[in-house]
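A.B. asks: What follows is a single structure, and I will ask about it in a moment.
Protein chains: 4
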Amino acid sequence: AKPFALIAGPCAMESREHALEMADALSALCGDLGIGFVYKSSYDKANRSSSASDRGIGMEKGLPILAEVRERFGCAVLTDVHEPGHCAPAAEFVDILQIPAFLSRQTDLLVAAAATGKTVNIKKGQFLAPWDMNSAIGKVVGAGNSNILLTERGTSFGYNTLVNDMRGLATMASTGYPVVFDATHSVQQPGGLGNASGGQREFVPVLARAATAIGVAGLFIETHEDPDNAPCDGPNMVPLAQMRGLLETLLSFDRLAKATPINIG
Amino acid sequence: AKPFALIAGPCAMESREHALEMADALSALCGDLGIGFVYKSSYDKANRSSSASDRGIGMEKGLPILAEVRERFGCAVLTDVHEPGHCAPAAEFVDILQIPAFLSRQTDLLVAAAATGKTVNIKKGQFLAPWDMNSAIGKVVGAGNSNILLTERGTSFGYNTLVNDMRGLATMASTGYPVVFDATHSVQQPGGLGNASGGQREFVPVLARAATAIGVAGLFIETHEDPDNAPCDGPNMVPLAQMRGLLETLLSFDRLAKATPINIG
Amino acid sequence: AKPFALIAGPCAMESREHALEMADALSALCGDLGIGFVYKSSYDKANRSSSASDRGIGMEKGLPILAEVRERFGCAVLTDVHEPGHCAPAAEFVDILQIPAFLSRQTDLLVAAAATGKTVNIKKGQFLAPWDMNSAIGKVVGAGNSNILLTERGTSFGYNTLVNDMRGLATMASTGYPVVFDATHSVQQPGGLGNASGGQREFVPVLARAATAIGVAGLFIETHEDPDNAPCDGPNMVPLAQMRGLLETLLSFDRLAKATPINIG
Amino acid sequence: AKPFALIAGPCAMESREHALEMADALSALCGDLGIGFVYKSSYDKANRSSSASDRGIGMEKGLPILAEVRERFGCAVLTDVHEPGHCAPAAEFVDILQIPAFLSRQTDLLVAAAATGKTVNIKKGQFLAPWDMNSAIGKVVGAGNSNILLTERGTSFGYNTLVNDMRGLATMASTGYPVVFDATHSVQQPGGLGNASGGQREFVPVLARAATAIGVAGLFIETHEDPDNAPCDGPNMVPLAQMRGLLETLLSFDRLAKATPINIG
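Chains as they are written, first to last, in the numbering used here: chain A, 1 to 265; chain B, 266 to 530; chain C, 531 to 795; chain D, 796 to 1060.
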């Protein structure tokens, strides 16, 4: 089995320069480590806690930047989509359309994403059981597309708290589709700061190891050269300077996990 | 204080005839009981568990039927909206635009609904704490609209289960906006039937009483003359024939609650 | 149906004088209101968050005080028991032995309490579903005692938080045993203050109304003349001076609920 | 750092012969693997779902068998204690006294166990947050004993379901006390079979890997030569014949984890 691929980038696209710098650094790092790389960035933060939060640079400016990243660094690029009508335009520029967790039951969005033929990364809703993802899968497959990724990013656990049920990685893997572990949003504390979501960056390595040991096809880790001054998800992004060390350790667990696969049948 | 208003109707719009029959019966009932009535029906079930589930008769056919209900029975009408672009067209026909719980953090949808000037009924996401609704309110108010209703419909509690935290009714009421209790979706068992959501109709009176005793501005109860053969939400809809008895009892609790209001300030 | 009985008293027994004063006041109040009264107080707080917390005056001193309360005021008295060996001695002095929620699966304790022939009040564990109480009931009935009360006091909901699933009142009532709602511990925030448990006294009337409207045989409300200076449960006890007003309102809901019983059969 | 120790044995002590056979097999296996071994078995199942369930062979017969296991195989032995008065007698025969999760807030039990001077293994209550264990630790340390183990065995997640929050392993490790992961009870479905608890044995390797990758001092795995015919916990025990393969894989993750420790500060 192949090593995990890394889906990474800053939470929000800040500027063309910033995107290229981040992609350059991450692409070089993944090249060194011999792992696949998907550049991820959102040009529109459509479900911020508050309207006062910055929304990002927008679709028209953002999509060409993603395409430039793809071309220049030879990596795949991913962005999230929030309305059915955005899927086709986004698909002209990116390789993977991501369905946000809150929207994982929106049939039209799933179908529109599926119809582009691009890979669809469905994040498991915080309100869904792992086995409920079969319904989301069914909607995409029913629209003729079986290029699907499933991403775990935590389940509601009381108020303002998420928990990762690690059994869910195995349950979702039993569908046959590749499973991604999103270590960044799993350590989010939704609504935990009143007008914004808090986070616990210190648990990223803890949870990422656990997931990697079980065996995942991909890891999703948002990163930034200066998370504490990033426009969003600062408390849960990993500083860029720590990514190499983190990934090297995770790769050693990944090699072991791939050599001794679990099958929960 | 006024008695609670009833937001009611079948889960999905089935046909013009069915809509008029249901609205006729419910409007007459609410007239008898002296309570406000809002006819509710969805012309599009956008987040069904499965693609194979029926989606409804669609926006173009559905909206004029709602307008006809309004005109013929003199009641308000409500429908849910799933995309920003649907808000303005729907607003031409209905009085209240409802934001589905799953979409309660989608800024564009909240803002587009707000921009119509119509009342916006925001259902609390299953993944939100009651106090998190301040963010949703802020998005609507920030768009210049303070005609807001807040609806409780349950919070994620483990897998395939919802729980109503009744404290949340008081917490949401402390915002100053009217609070609605959705007794139908609170007894839903999301994903509980594999390809569909289950429900526990027998708990509708239990939970509706509890909410009414605390004090609510509105009750949301889906109903159907034959729930077990309805196209959706059958297990949690109340048979039409039981609505009068249910509401009469709830109104006696409502009178008492309004005479002895709680203020958790 | 009879009005609810009140199980009340201070969280911990502080002294003979304090116990008699509290019992005097509460007994007079319940007499005025025409409701049954059970005096409740713990002589030993066996599961405090911290060892540094005060444990109470102890069994040897405490039991005779409860007996004196019973004799002087003609009320029933209740205390909680924490070990099988404590059941028989306590039963010589009290009418109701209460099984703490944490201990609701301890077979020996349930059986020893049952063996005394006294009424056994089983608090539903925070980790149990309402239907799991059938097992606890079975242990007591199996020991030859069917004088059982079932008490709802909240279910674990994420960390340091409880939620009352009001459906559980109906589910537990369907066993045929009287159901008590514990409004005091339902608003506890277990461990929420680090070395102690916090509480939200302001939600006592909210939740007690909801429960009363569904229909309960008893209400459990801890009270103190000065909760903020009480040795335990201060944040969730109701000031004694507010009890009359609270109970009068709850009784009006109780009358209505008893006149229109729910049967979820 | 040392490899994890294994705490293992059948859920319930069935007979002297069975105990010696199991201990022989497990002790030989741990010897082969070069890991510490603690034989675990309960002579009394004090919190079974139902009174009809078998309770075990009892303390008087059980303790000498544990002592014989210790002497014959040179391993440590562990049993759980349910009443303060049982701690001193048990301590004469065993090395580790285990506080059951339901009893993790019972001060007298913690103090009595501490007073024996034996190691005290405190299981985290299903109703506790990881940080709440500081209170339990404080009670044991306050009684003069700092030989403490902390065991994760799942947290209540809705009804009849547990979830392991893997962050809790790191949080508990930050106390400085050794952390054990109980893979057997973590896959229990409490009350899930009506009169008994269900289980999902297939997730033992999944969760044990995740925990081992984070880094634990011990693993707790109940095992039986024929789990489906065992007197308790059959659905979540690992067949004895699969233990070697499971442990070998887990040890490879353990070596990696110990070579690259996480410190969440």
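Backbone N, C-alpha and C define an ideal beta-carbon position, used for all residues, glycine too.
Since I believe Arg-731 of chain C is in contact with Val-798 of chain C (beta carbons under 8 Å), could you give me their beta-carbon distance rounded to a whole number of angstroms?
C.D. replies: The structure shown does not extend to residue 798 of chain C, since chain C is modelled only from 531 to 795, so the question has no answer here.
A.B. asks: Is the beta carbon of Gly-561 of chain C within less than 7 Å of some heavy atom of the ligand COA?
C.D. replies: Absent from the structure shown: the ligand COA. Ligands present: none.
A.B. asks: Return helix, strand or coil for Val-163 of chain A, following the three-state DSSP convention.
C.D. replies: Val-163 of chain A falls in the strand class under three-state DSSP.
A.B. asks: For Asn-842 of chain D, which residues in the same chain have their Cβ closer than 8 Å to its Cβ, ignoring the five residues on either side in sequence?
C.D. replies: His-877, Pro-895, Phe-897.
A.B. asks: Which residues bound the beta strand (DSSP E) around Lys-918 of chain D?
C.D. replies: It spans 914 to 918 - the beta strand (DSSP E) in which Lys-918 of chain D sits, taken as one unbroken run.
A.B. asks: Go ahead and pull the three-state DSSP assignment for Asp-827 of chain D.
C.D. replies: Here Asp-827 of chain D sits in helix by DSSP.
A.B. asks: Any beta-carbon of chain D closer than 8 Å to the one on Gln-730 of chain C?
C.D. replies: No, its Cβ sits nowhere closer than 8 Å to a Cβ of chain D.
A.B. asks: What runs of the alpha helix (DSSP H), each 4 residues or longer, lie entirely inside the segment 128 to 188 of chain A?
C.D. replies: Runs found: 133 to 142, 167 to 173, 183 to 186.
A.B. asks: Please work out which residues of its chain come closer than 7 Å, Cβ to Cβ, to His-25 of chain A, disregarding the five sequence neighbours upstream and downstream, and give them in chain order.
C.D. replies: The question names His, but residue 25 of chain A in the sequence shown is Ala. Cβ within range, chain order: Leu-240.
A.B. asks: Does the Cβ-Cβ distance between Tyr-834 of chain D and Ala-818 of chain D come in under 8 Å?
C.D. replies: Yes, these two residues count as a Cβ contact at 8 Å.
A.B. asks: Give the secondary structure of Gln-507 of chain B by DSSP, where H, G and I count as helix, E and B as strand, and everything else as coil.
C.D. replies: Here Gln-507 of chain B sits in helix by DSSP.
A.B. asks: Excluding the 5 residues flanking Thr-107 of chain A on each side, which residues of the same chain have their C-beta closer than 6 Å to its C-beta?
C.D. replies: If we look at Thr-107 of chain A and ignore the five residues flanking it on each side, its Cβ neighbours are Lys-139.
A.B. asks: Helix, strand or coil for Ile-802 of chain D, going by three-state DSSP, please let me know.
C.D. replies: Reduced to three states, the DSSP call for Ile-802 of chain D is strand.
A.B. asks: How many Å lie between Ala-700 of chain C and Gly-729 of chain C at the Cα?
C.D. replies: Taking the straight line joining both Cα atoms gives about 25 Å.
A.B. asks: Between Arg-244 of chain A and Ala-495 of chain B, what straight-line distance do the alpha-carbon atoms span, to the nearest angstrom?
C.D. replies: Those two C-alpha atoms are separated by around 56 Å.
A.B. asks: Would the segment 944 to 952 of chain D and the segment 591 to 602 of chain C be scored as touching if the rule is three or more Cβ pairs under 8 Å?
C.D. replies: Counting Cβ pairs under 8 Å, fewer than three are found: no touch.
A.B. asks: Interface residues of chain D around Tyr-573 of chain C at Cβ under 7 Å?
C.D. replies: The premise fails here: Tyr-573 of chain C is roughly 14 Å from chain D at the closest Cβ pair, so nothing lies under 7 Å.
A.B. asks: Could you check which residue in C:Asp-662, C:Thr-681, C:Asn-675 has the C-alpha nearest to that of Ser-845 of chain D?
C.D. replies: Among C:Asp-662, C:Thr-681, C:Asn-675, the Cα nearest to that of Ser-845 of chain D belongs to C:Asp-662.
A.B. asks: Residues of chain D with CB under 8 Å from Thr-426 of chain B, in chain order?
C.D. replies: Per Cβ cutoff of 8 Å: Gly-953, Tyr-954.
A.B. asks: For Val-428 of chain B versus Gly-483 of chain B, is the C-beta distance shorter than 8 Å?
C.D. replies: Contact flag unset, no.
A.B. asks: In the DSSP assignment, find the beta strand (DSSP E) that holds His-531 of chain B and state where it starts and stops.
C.D. replies: The requested residue 531 of chain B does not occur in the structure, where chain B is confined to residues 266 to 530.
A.B. asks: Please state if the CB of Leu-593 of chain C and the CB of Pro-619 of chain C are separated by a distance shorter than 8 Å.
C.D. replies: In this structure, Leu-593 of chain C lies closer than 8 Å to Pro-619 of chain C by Cβ.
A.B. asks: Grab the span of the alpha helix (DSSP H) containing Lys-856 of chain D for me, first residue to last.
C.D. replies: Run containing Lys-856 of chain D: 854 to 868, per the alpha helix (DSSP H) assignment.
A.B. asks: Spatial neighbours of Thr-175 of chain A within its chain, please: CB distance less than 8 Å, with the 5 preceding and 5 following residues excluded, ordered by chain position.
C.D. replies: Met-133, Asn-134, Ile-137, Leu-150.
A.B. asks: Checking contacts by CB at 8 Å: is Asp-695 of chain C closer than that to chain B?
C.D. replies: Answer yes: the Cβ-Cβ gap between Asp-695 of chain C and chain B drops below 8 Å somewhere.
A.B. asks: Who are the near neighbours of Phe-998 of chain D in its chain, counting only those whose CB is closer than 6 Å to its CB and skipping five residues on each side?
C.D. replies: The answer, listed in chain order, is Val-982.
A.B. asks: In chain order, what residues of the same chain lie with their CB nearer than 8 Å to the CB of Asp-890 of chain D, ignoring the 5 residues before and after it?
C.D. replies: Excluding sequence neighbours, Asp-890 of chain D sits near Val-833, Arg-865, Ala-871, Val-872, Leu-873, Lys-913, Thr-914.
A.B. asks: Under the three-state reduction of DSSP, which class applies to Ile-99 of chain A: helix, strand or coil?
C.D. replies: Of the three classes helix, strand and coil, the one that applies to Ile-99 of chain A here is strand, per DSSP.
A.B. asks: In angstroms, rounded to a whole number, what distance separates the CA positions of Asn-410 of chain B and Gln-363 of chain B?
C.D. replies: The straight-line gap from Cα to Cα measures roughly 14 Å.
A.B. asks: Just to confirm, are Gln-391 of chain B and Thr-426 of chain B a CB contact at a threshold of 8 Å?
C.D. replies: No, Cβ-Cβ distance for Gln-391 of chain B and Thr-426 of chain B is not below 8 Å.
A.B. asks: Between Gly-142 of chain A and chain B, is the shortest Cβ-Cβ distance under 8 Å, so that the two count as touching?
C.D. replies: Yes, Gly-142 of chain A lies at the interface with chain B (some Cβ there is under 8 Å from its Cβ).
A.B. asks: Flag Ser-252 of chain A as yes if its beta-carbon sits less than 8 Å from any beta-carbon of chain D, otherwise no.
C.D. replies: Closer than 8 Å to some Cβ of chain D, the Cβ of Ser-252 of chain A qualifies, so yes.
A.B. asks: Using the beta-carbon of each residue, which ones in chain D are nearer than 7 Å to Thr-637 of chain C?
C.D. replies: Ala-841, Asn-842, Arg-843, Ser-846, listed in chain order.
A.B. asks: Can you list the residues of chain D that Ile-96 of chain A reaches, using a CB-CB cut of under 8 Å?
C.D. replies: Chain D residues near Ile-96 of chain A: none, gap ~26 Å exceeds 8 Å.
A.B. asks: Would you mind working out which of A:Asn-263, A:Pro-261, A:Leu-128, A:Thr-260 sits nearest Gly-456 of chain B, comparing C-alpha positions?
C.D. replies: Nearest option by C-alpha distance: A:Leu-128.
A.B. asks: Using the DSSP secondary-structure output, state which residues sit across from Val-568 of chain C in a beta bridge.
C.D. replies: Its beta-bridge partners are C:Ile-537, C:Ala-606.
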